[in-house]
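A.B. asks: Residue numbers (our numbering): 1 to 80.
Have a look at this one.
Structural data, given as structure tokens:
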């Protein structure tokens, strides 16, 4: 089976989400409630183990008070 072509970006996105969550003083449980997903989903996302839908990306961005485009641009930037 072929590895996910965007595995590195998924890991970078998870790292960024965790960093922003911590900077916002939110627990994984609080973020999961804001996004209406199970806490285990947030845990997998932050570890880069789960690819997420665009709607969940928008929900996470809203909860973290950041533009979803900013998350994506960070993930695909060469300097991050």
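Cβ atoms here follow ideal geometry from the backbone N, Cα and C, with glycine treated the same way.
Note that the structure is a prediction, hence the values are computed from the model and not measured.
Residue 14: buried (16+ other C-beta within 10 angstroms of its C-beta) or exposed?
C.D. replies: Burial call: buried.
A.B. asks: Is residue 23 helix, strand or coil when you go by DSSP?
C.D. replies: DSSP places residue 23 in helix when its eight states are reduced to three.
A.B. asks: Does the Cβ-Cβ distance between residue 61 and residue 55 come in under 7 Å?
C.D. replies: No.
A.B. asks: Since residue 39 is in the alpha helix (DSSP H), which residue starts that stretch and which ends it?
C.D. replies: First-last of the alpha helix (DSSP H) with residue 39: 39 to 46.
A.B. asks: Figure out for me which residue from 46, 53, 24 has the closest Cα to the Cα of residue 16.
C.D. replies: Considering only alpha carbons, the answer is 46.
A.B. asks: Identify which residue in 59, 76, 5, 66 has its Cα closest to the Cα of residue 36.
C.D. replies: Of the listed residues, the one whose Cα sits closest to residue 36 is 59.
A.B. asks: Between the alpha carbons of residue 28 and residue 41, how many angstroms are there, rounded?
C.D. replies: Distance between the alpha carbons of residue 28 and residue 41 is about 9 Å.
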